[in-house]
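What follows is a single structure, written as structure tokens, with notes after it.
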Amino acid sequence: MSIKFLPPLRLLNPSPPVIRFPLMNVGLSINTRRSIPIFSGVFPFKLKYPGFSSRFSTRSFRPGPTGSRPEFTRRTGAERERGEVRTSKSLVEDEAELSDWVSDLRTNSFRGRVTSEDESDSDMGRRNRSKRGPGRDRDSGSNRGGGREGFSMKRRRESDSDEFGEPTRRRTESTFGPPRKNRGTLGLQNEKRGQGERDLWLKRDGKGVKGERGFIDDDDEVDDGEDERKGLMRNLGGLVTEEESDDDDDDDEIMEFDMKDGPSLSSSSDSFMSETRFDQCSISPLSLKGIKDAGYEKMTVVQAATLPVIVKGKDVLAKAKTGTGKTVAFLLPSIEVVVKSPPLDRDQKRPPIIALVICPTRELATQAATEANTLLKYHPSIGVQVVIGGVRIASEQRNLQANPCQILVATPGRLKDHIENTAGFATRLMGVKVLVLDEADRLLDMGFRKDIEKIISAIPKQRQTLMFSATVPEEVRQICHMALKRDHEFINTVEEGTEDTHSKVRQMHVIAPLDKQFPLLYVILKDHIANDPDYKAIVFCTTARVTGLVAGLLGELNLNIREIHSRKAQTYRTRVSNEFRKSRGLILVTSDVSARGVDYPDVTLVMQVGLPASREQYIHRLGRTGRKGKEGEGILLLAPWEEFFLSTVKDLPLTKAPMPSIDPDTKKKVERALSQLDMNSKQAAYQAWLGYYNSQKKVGNDKYRLVELANEFSRSMGLDTPPAIPKLVLGKMGLRNIPGLRTK
Ligand SMILES: Nc1ncnc2c1ncn2[C@@H]1O[C@H](COP(=O)(O)OP(=O)(O)OP(=O)(O)O)[C@@H](O)[C@H]1O
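Using this note's numbering, you'd call the opening residue of the sequence shown number 15 and step up by one each time.
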């Protein structure tokens with residue numbers, strides 16, 4: 015999904031955001047031998063930064079014209095066209111089941127009731143869909159137009175869940191080596207990359223910092239991102255590697271903070287935590303009670319960095335590593351805005367929605383609402399509702415009417431539906447004081463941007479906007495003005511010169527031809543299981559159909575697997591997700607529906623098989639392990655012709671793993687297991703594989719080579735002849751008359 019923003023688009027937003035770490039109430043001293051970018055008045059806590067560059071420039075805060083809001087970025091004709099042709103596919107094959115699932119979600123605690131009921135689709139819903147055309151409903155629509163996996167311009171989404179299902183444990187016999195603690199998957203020692211890895215302690219003693227506060231200059235921030243839009247923008251985008259620096263405010267004052275006192279190092283395991291307690295911030299007592307009950311005492315780094323700024327009313331774009339508490343970081347201040355607003359008048363015909371949280375997926379929206387309700391435990395008068403695709407819109411409409419809420423969590427497509435079709439909804443949105451874009455880079459990409467523009471145009475300009483993500487590619491920085499005020503603050507808790515990934519997550523890659531990949535996957539997983547009886551692994555595959563195939567294979571090989579992808583019914587996904595959340599000794603085979611935001615505790619290994627859709631997607635997938643400061647392991651399995659991907663993550667500590675050996679018995683075992691798999695699943699996987707790689711510019715540009723590779727993949731599944739593909743599909747993929755393909 016990599017799409018490079020076109021030059022005209024970039025020029026529209028010349029003004030860079032202000033970048034700073036927020037001022038805390040206490041002074042700091044920073045102990046390190048090196049210059050670091052400024053945390054001056056900012057981080058009264060300890061941070062772990064493994065690799066500081068020797069010198070950073072910082073600049074002071076220079077607000078832009080307050081109150082001025084940029085016009086929406088206009089898209090070029092070509093972009094508009096791309097937006098129009100994109101399609102998406104359903105993640106919910108069984109809407110009634112999804113309704114059950116949503117209804118089950120914390121029904122007791124959702125003050126405004128989760129908006130779903132098991133009932134037939136409304137006329138309105140049907141009208142909406144037919145109006146939008148096939149595949150248009152990103153949130154709820156199935157790929158009704160026949161856009162099959164792999165060739166339609168669609169996006170996959172992420173998944174998560176909540177509670178149910180008993181943990182299932184079935185241990186596979188450990189056959190390899192000593193416990194993982196000592197050895198690691200692939201028999202590697204725990205290679206702590208980055209010798210001299212250091213923790214930086216920022217002490218709250220008010221000494222040692224020049225100036226009261228400082229601001230990180232991210233002019234040098236380089237994002238050579240393989241933009242995750244590439245899967246979406248099939249054949250249009252590509253694997254554009256972008257290396258640019260933001261050089262448009264070079265007249266800013268440059269300040270340097272020299273750290274003369276030598277480093278204070280720590281090997282603390284909780285570097286995502288700050289030393290700041292929630293009660294040190296201006297949070298209402300009832301929210302504090304809710305936080306305490308949730309088990310949170312101190313803030314995480316991103317919470318401590320953003321909260322003081324947000325409660326002052328500033329717009330914020332925040333970047334923080336995966337699993338470091340961004341959800342609370344945006345929910346808590348949003349709740350505080352609601353707390354300070356006049357209480358809801360239940361008799362009011364169209365009570366205002368005060369905080370609007372937008373998430374790219376239904377699962378994340380639901381997860382955020384669940385977290386909101388946890389925090390709202392002692393605010394009985396504040397209601398939360400969720401509007402998400404896959405739930406009948408009429409049901410949501412009734413719930414919105416019957417249970418007015420001040421906080422609405424939504425997915426973009428469904429929110430837009432309500433704006434257009436739900437009586438009085440637009441009026442209610444005029445009360446919005448806080449807009450949150452969770453996974454902001456995802457929401458601003460081409461798959462969602464049109465909807466987001468529409469939504470923004472439906473809420474007041476006088477509002478506060480918060481954008482959060484673990485990845486903020488340069489393109490997003492360029493276009494964030496469409497949502498944020500010009501004087502917003504970019505709070506980047508991932509220090510420049512350090513990785514976007516967690517230092518405690520060992521990252522390795524294995525390069526092997528396709529015919530070796532299934533046996534290798536098996537060997538690696540077996541090794542991991544053998545080394546860690548408490549293993550909990552996730553295997554990411556390129557597409558839903560390939561995920562299905564891999565899950566089938568690993569199941570045949572008697573590994574304890576579960577499967578989540580968009581071809582599975584939502585209730586099944588939710589059940590599996592809940593089971594996986596609570597289990598150990600389990601492998602989740604999944605597509606990118608699980609890549610972002612899903613908070614599975616204690617995942618020990620994330621395997622990525624095949625080309626990740628983008629650098630960002632690699633990071634988010636990897637972020638399913640190593641959450642909350644824990645250790646983890648990530649292995650990327652690529653074919654030699656996919657090795658180019660490594661250049662897009664060259665700043666990450668991804669090391670080459672020793673090639674695991676595949677003994678003849680294992681080879682035979684895998685071949686046998688492959689032969690047991692259903693032919694249909696192989697056919698579907700082949701077609702999906704072809705579609706996916708066709709969309710990846712660096713692979714798909716050469717159609718002849720692409721087909722050769724696809725047929726290699728076919729052989730790796732044990733097929734002598736590649737499956738035939740419908741002519742229509744090949745036509746859509748632009749693959750008609752390419753030698754090596756069979757048509758039907
Ligand atoms: N102050 C806190 N103290 C302890 N745990 C916290 C705190 N805030 C959040 N958490 C927990 O940290 C975990 C990760 O939080 P969350 O899912 O919000 O991370 P994230 O940064 O949004 O991750 P991702 O980028 O993958 O979406 C959750 O289990 C959450 O309950």
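Ideal placement from N, C-alpha and C gives every residue a C-beta, glycine not left out.
Tell me where the alpha helix (DSSP H) around residue 292 begins and ends.
-> First-last for residue 292: undefined, no H or E at that position.
For residue 748, the three-state DSSP class (helix, strand or coil) = In the three-state reduction of the DSSP assignment, residue 748 falls in the coil class.
In whole angstroms, what is the alpha-carbon distance linking residue 425 and residue 483?
-> C-alpha separation (whole angstroms): 16 angstroms.
6 angstroms CB neighbourhood of residue 447 in its chain, flanking five on each side removed | Around residue 447: 351, 368 and 477.
Using three-state DSSP, classify residue 483 as helix, strand or coil.
-> Residue 483 falls in the strand class under three-state DSSP.
Check whether the stretch 623 to 642 touches the stretch 568 to 584, counting contact only when three or more Cβ pairs, one atom from each stretch, lie closer than 8 angstroms.
-> Contact between the stretch 623 to 642 and the stretch 568 to 584 is absent: fewer than 3 CB-CB pairs across the two stretches fall below 8 angstroms.
With distances taken Cα to Cα, identify the nearest neighbour of residue 297 among 749, 321 and 678.
-> Out of 749, 321 and 678, 321 has the C-alpha closest to the C-alpha of residue 297.
Residue 608 versus residue 754 - alpha carbon distance | Taking the straight line from one Cα to the other gives about 34 angstroms.
Could you tell me if the beta carbon of residue 313 falls within a distance shorter than 7 angstroms of some heavy atom in ligand 1?
-> Yes; taking the cut-off as 7 angstroms, the Cβ of residue 313 has a heavy atom of ligand 1 nearer than that.
Do residue 457 and residue 439 come within 8 angstroms of each other at the CB atom, strictly closer than that value?
-> Not closer than 8 angstroms, so no.
Are the stretch 507 to 518 and the stretch 578 to 585 in contact at 8 angstroms, needing three or more beta carbon pairs?
-> At 8 angstroms Cβ cutoff, the stretches do not touch.
Report whether the distance from the Cβ of residue 729 to the nearest heavy atom of ligand 1 is below 7 angstroms.
-> For residue 729, the shortest separation between its Cβ and any heavy atom of ligand 1 does not lie below 7 angstroms.
Residue 467 to residue 294, Cα distance in whole Å?
-> Within the model, the alpha-carbon separation for residue 467 versus residue 294 is close to 36 angstroms.
Between which two residues does the beta strand (DSSP E) containing residue 554 stretch?
-> Note, residue 554: beta strand (DSSP E), 550 to 554.
Starting from the Cα of residue 702, find the closest Cα among 310, 686, 624 and 576 and give me that residue.
-> When each option's Cα is compared against that of residue 702, the closest is 624.
What number of angstroms, rounded off, separates the C-alpha of residue 525 from the C-alpha of residue 535?
-> Spanning the two alpha carbons is a distance of roughly 12 angstroms.
Using the beta-carbon count (16 or more within 10 Å), is residue 735 buried or exposed?
-> Exposed, by the Cβ-count rule.
In the DSSP assignment, find the unbroken alpha helix (DSSP H) run with residue 576 in it and report its ends.
-> Element bounds for residue 576: not the alpha helix (DSSP H) but the beta strand (DSSP E), 575 to 578.
Along the chain, which unbroken stretches of the beta strand (DSSP E) at least 3 residues long are found entirely within the stretch 667 to 702?
-> Counting whole runs of 3 or more residues, the stretch 667 to 702 contains the beta strand (DSSP E) stretches 668 to 670.
Tell me whether residue 390 sits in a helix, a strand or coil according to DSSP, three-state version.
-> Coil.
Name the residue from 599, 331, 441 and 459 whose alpha carbon lies nearest to the alpha carbon of residue 504.
-> For residue 504, the nearest C-alpha among the options comes from 331.
How many Å lie between residue 317 and residue 522 at the Cα?
-> Going by the C-alpha atoms only, they are around 30 angstroms apart.
Apart from the five residues on each side of it in sequence, which residues of its chain come closer than 6 angstroms, Cβ to Cβ, to residue 344?
-> Answer for residue 344: 450, 480 and 482, listed in chain order.
Which first and last residues belong to the alpha helix (DSSP H) in which residue 6 is found?
-> The requested residue 6 does not occur in the structure, where the chain is confined to residues 15 to 758.
Residue nearest to residue 560 in terms of C-alpha spacing, selected from 393, 622 and 401 = Nearest of 393, 622 and 401 to residue 560, Cα basis: 622.
Regarding residue 610 and ligand 1, is the C-beta to nearest heavy atom distance less than 7 angstroms?
-> Shortest gap from the CB of residue 610 to any heavy atom of ligand 1: under 7 angstroms.
Could you tell me which of 675, 676, 472 and 335 sits nearest to residue 370, measuring between CA atoms?
-> Ranking the options by Cα distance to residue 370, first place goes to 472.
Kindly indicate which three-state DSSP category residue 571 falls into: helix, strand or coil?
-> DSSP places residue 571 in the coil class of the three-state scheme, outside both helix and strand.
If you run the structure through DSSP and keep just helix, strand and coil, what is residue 757?
-> DSSP places residue 757 in strand when its eight states are reduced to three.
Contact belief for residue 538 with residue 649 at Cβ below 8 angstroms, rounded distance in angstroms = Sure, about 6 angstroms apart at Cβ, within 8 angstroms.
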